[in-house]
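Below is one structure, written out as structure tokens; the observations come after it.
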Amino acid sequence: MDKQPLAQNAVIYKLNMTKGYTLEVRGVIDQGANRFAIDMGKDADNLVIHFNPRFDFSDDKNIIVCNSTQNNVWGSEQREPAFPFQKGTETMIAFKFENDIRVKLPDGRQFAFPIRVPTDGIQYLALYNFHLRSISINFSFL
1 MDKQPLAQNA
11 VIYKLNMTKG
21 YTLEVRGVID
31 QGANRFAIDM
41 GKDADNLVIH
51 FNPRFDFSDD
61 KNIIVCNSTQ
71 NNVWGSEQRE
81 PAFPFQKGTE
91 TMIAFKFEND
101 IRVKLPDGRQ
111 FAFPIRVPTD
121 GIQYLALYNF
131 HLRSISINFS
141 FL
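So the sequence shown is numbered by the UniProt record's numbering: it starts at 1 and just counts up by one.
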């Protein structure tokens with residue numbers, strides 16, 4: 001069976017994710033992308049996390065940039081040097097929501113991103129330059 005992507009540049013609403021939930025996103029990074037992004041939050045103007053791996057964008061090369069927005073105003077960038085991504089390949093990234101966001105990269109490395117935007121939970125998910133194959137949402141008490 002051929003694994004075809006569900007969507008590219010997809011937006012999903014009404015996720016209703018709160019603390020304790022883990023979101024796993026699996027897909028293929030666009031072959032021609034100089035970066036890709038996974039955004040999560042209340043809506044497009046209020047992002048709890050903007051996860052933005054950059055292959056070659058602006059002055060950035062092979063770095064992950066994370067940020068948040070409140071009322072469409074960007075916060076301070078957090079830069080992560082771990083970069084296990086390759087264009088045109090399938091990858092999986094996991095986001096666990098607690099008092100911060102724990103990001104698990106495809107090679108197993110993890111980092112934390114602070115929740116800076118007041119939120120009742122994650123309602124919005126947007127993917128850019130990423131061919132979505134699957135989404136998994138799980139809850140854990142631990």
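Built from N, CA and C at the ideal position, the CB exists for glycine as well.
{"Item": "Collapsed DSSP secondary structure at residue 19 in the structure displayed", "Value": "coil"}
{"Item": "Contact check, residue 54 vs residue 64, beta carbons under 9 Å", "Value": "yes"}
{"Item": "Alpha-carbon to alpha-carbon, residue 89 and residue 62", "Value": "15 Å"}
{"Item": "CB of residue 105 within 9 Å of CB of residue 84, strictly", "Value": "yes"}
{"Item": "Cβ pair residue 46, residue 121 closer than 9 Å", "Value": "no"}
{"Item": "In DSSP terms, what residue 97 is bridged to", "Value": "101"}
{"Item": "Own chain, CB closer than 6 Å to residue 75, minus 5 neighbours either side, in chain order", "Value": "67, 68 and 116"}
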